[in-house]
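Scroll down for the structure; my scribbles are underneath it.
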Amino acid sequence: MDISRKNFFIGSAAVVAATSLKAAVREPVGKIQGFDESNESKTDGPWEPFSDKKVRVGIAGYGVCTFGAVFSFQDHPNVEVVAATDLDPERCKKLAEVVHAKRTYPSAEEMIDKEGKNMDAVFIATDAASHADLVLRALDRGYHVCSAVPALLGERQLDRAPKMIEAVKKSGRVYALFETTAFRPQAIAMRRIYEAGGFGQLAYTEGEYFHHSDPNWKSIGSYKGWRIGLPPQYYPTHSNGFYTCVTHGHFTEVSCVGTTSDHPVYKERKNPYGNPFHSEVAFFKTSDGGSARMTVAWGLPGYHGELGRCFGTKGCFRNDRFAGDNSIIKNLKLIRTGLPPGVKNNGHHGGSHPYLTDDFLRAILVPGHKLCVDVATALNTTVSGVYAHLSALKGGETLKIPVFSI
Ligand SMILES: NC(=O)c1ccc[n+]([C@@H]2O[C@H](COP(=O)([O-])OP(=O)(O)OC[C@H]3O[C@@H](n4cnc5c(N)ncnc54)[C@H](O)[C@@H]3O)[C@@H](O)[C@H]2O)c1
4 MDISRKNFFI
14 GSAAVVAATS
24 LKAAVREPVG
34 KIQGFDESNE
44 SKTDGPWEPF
54 SDKKVRVGIA
64 GYGVCTFGAV
74 FSFQDHPNVE
84 VVAATDLDPE
94 RCKKLAEVVH
104 AKRTYPSAEE
114 MIDKEGKNMD
124 AVFIATDAAS
134 HADLVLRALD
144 RGYHVCSAVP
154 ALLGERQLDR
164 APKMIEAVKK
174 SGRVYALFET
184 TAFRPQAIAM
194 RRIYEAGGFG
204 QLAYTEGEYF
214 HHSDPNWKSI
224 GSYKGWRIGL
234 PPQYYPTHSN
244 GFYTCVTHGH
254 FTEVSCVGTT
264 SDHPVYKERK
274 NPYGNPFHSE
284 VAFFKTSDGG
294 SARMTVAWGL
304 PGYHGELGRC
314 FGTKGCFRND
324 RFAGDNSIIK
334 NLKLIRTGLP
344 PGVKNNGHHG
354 GSHPYLTDDF
364 LRAILVPGHK
374 LCVDVATALN
384 TTVSGVYAHL
394 SALKGGETLK
404 IPVFSI
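Per this note's numbering, the sequence shown starts with residue 4, numbered consecutively.
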């Protein structure tokens with residue numbers, strides 16, 4: 004998908020309906036779904052250098068998605084990768100080679116505890132269950148930290164949310180959630196339109212993350228099986244991000260419907276979460292006074308993707324098109340700027356990876372830079388999904404959602 008001046012249509016519903024969406028294709032056989040999209044957008048001007056300094060980064064995690072190595076830290080001119088770790092010695096060695104790390108550690112905990120003043124920041128790319136505690140540990144030791152999604156995993160970790168807010172406040176360090184939706188071309192365009200008032204009142208948002216898998220997630224695997232039977236709305240950031248990372252607002256209430264399955268993983272709740280649902284659709288009230296429908300589905304084949312749409316009183320954005328008042332958006336930069344020399348966009352997750360890294364580095368090095376997915380947006384995006392799952396377990400009961408701010 005390519006949002007550029009050339010194909011950015013305004014107005015006509017017929018034109019909007021006639022466009023096709025590259026992401027809406029059948030899943031390719033043999034590829035890890037969601038990890039190899041290549042819809043890199045054209046750029047709107049070059050990357051501008053912002054500092055002569057280098058941030059010394061330690062990277063944790065080289066699992067099935069090789070996440071520690073695919074966010075371009077090793078290529079960014081403002082980074083020196085000083086350390087790498089994975090619990091698995093072979094993965095640790097490979098990660099260190101790929102990111103050119105000087106030192107290795109047998110665990111993220113050891114890296115965080117022992118690097119001392121030789122490291123400034125940590126990238127937590129370990130399994131989803133370990134993020135929150137490693138983030139808290141890194142902030143406590145005085146490091147800036149970014150993590151893969153989600154910010155925390157499930158009801159059992161809800162107590163970490165206020166601790167993360169406090170830790171950021173107390174340390175004065177940056178915490179960024181690497182939510183890939185935030186720097187997808189569509190989300191960038193929608194954020195700029197929203198901030199310029201192009202939607203008017205944002206009355207309705209849709210987001211969805213379809214990722215079909217067998218209930219045991221044999222096709223991907225996961226450390227200690229954290230993906231097996233995962234409640235879909237415990238992994239809500241790719242869908243919720245189409246509201247929270249566009250508006251920086253939050254959800255206030257949720258009612259959610261879960262769909263059950265005959266497979267023993269769900270029917271007999273043979274999973275670490277006691278979860279009976281393969282797919283969950285949440286309906287939220289938003290802080291804009293509107294609503295949002297956010298879907299996360301593991302059990303629905305034939306479609307894969309992360310997509311979102313915003314509908315406001317002055318216009319709407321769907322597929323890769325804005326339909327509304329052209330005069331409001333005509334001077335906006337709706338596509339991404341270029342990347343630093345040496346950084347090549349790998350196209351993963353809509354080409355979002357290097358933009359998340361660049362945003363994190365700017366938040367560290369540029370005074371006053373507003374991080375896109377800061378700790379408040381990270382938690383508002385993640386915790387709302389946990390409440391959605393709790394609502395589904397209660398047959399769709401409406402639940403109030405706590406709000407996080409910094
Ligand atoms: N679009 C996206 O944003 C997106 C896509 C894919 C994966 N992810 C996230 O990326 C993360 C990594 O995914 P994955 O599939 O590679 O995970 P995985 O479960 O396959 O691997 C996790 C790795 O972390 C290592 N690890 C766990 N605890 C550790 C510790 N204390 N110290 C050092 N290493 C440790 C494990 O040994 C393992 O190699 C997950 O949190 C996942 O949610 C996000």
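Note that CB positions come from ideal geometry on N, CA and C, so glycine has one too.
| Item | Value |
| --- | --- |
| Can you tell me where the alpha helix (DSSP H) holding Gly354 begins and where it ends? | His351 to Gly354 |
| For the segment 139-216, which segments carrying the alpha helix (DSSP H) assignment without a break, of at least 4 residues, lie completely within its bounds, in sequence order? | 163-174 and 188-198 |
| Taking DSSP's pairing of strands, which residues face Met297 in a bridge? | Gly210 and Ala285 |
| Reducing DSSP to helix, strand and coil, say where Glu112 ends up. | helix |
| Rounded to a whole number of angstroms, what is the C-alpha to C-alpha distance between Ile115 and Ile367? | 18 angstroms |
| Looking at the unbroken beta strand (DSSP E) that takes in Val85, where does it start and where does it end? | Val82 to Thr88 |
| Could you say if the segment 311-319 and the segment 273-290 meet the contact criterion of at least three C-beta pairs nearer than 8 angstroms? | no |
| According to DSSP, Arg321 sits in a beta bridge with which residue or residues? | Arg324 |
| Looking only at C-alpha atoms, which of Thr263, Ile338 and Asn334 sits nearest to Leu396? | Thr263 |
| Could you tell me the distance, in whole angstroms, from the CA atom of Val378 to the CA atom of Tyr269? | 32 angstroms |
| Assign Gln236 to buried or exposed, taking buried as 16 or more other Cβ atoms, counted over all protein chains shown, within 10 Å of its Cβ. | buried |
| Flag this pair as yes or no: are the beta carbons of Gly244 and Thr184 separated by less than 8 angstroms? | yes |
| Taking Glu2 as part of the beta strand (DSSP E), name the residues at either end of that continuous run. | With the chain represented from 4 up to 409, any question about residue 2 goes unanswered, as that position is not in the structure. |
| Looking only at its own chain, which residues have a Cβ that is under 7 angstroms from the Cβ of Arg365, when we skip the five neighbours before and after it? | Phe53 and His372 |
| Suppose the cutoff is 7 angstroms on Cβ atoms and the five residues either side in sequence are ignored; what does the same chain contact list for Tyr226 look like? | Gly66 and Asp130 |
| Shortest alpha-carbon distance to His392 belongs to which of Leu374, His215, Cys248 and Pro234? | Pro234 |
| Suppose you measure from the CA of Tyr358 to the CA of Phe76; what does that come to, to the nearest Å? | 11 angstroms |
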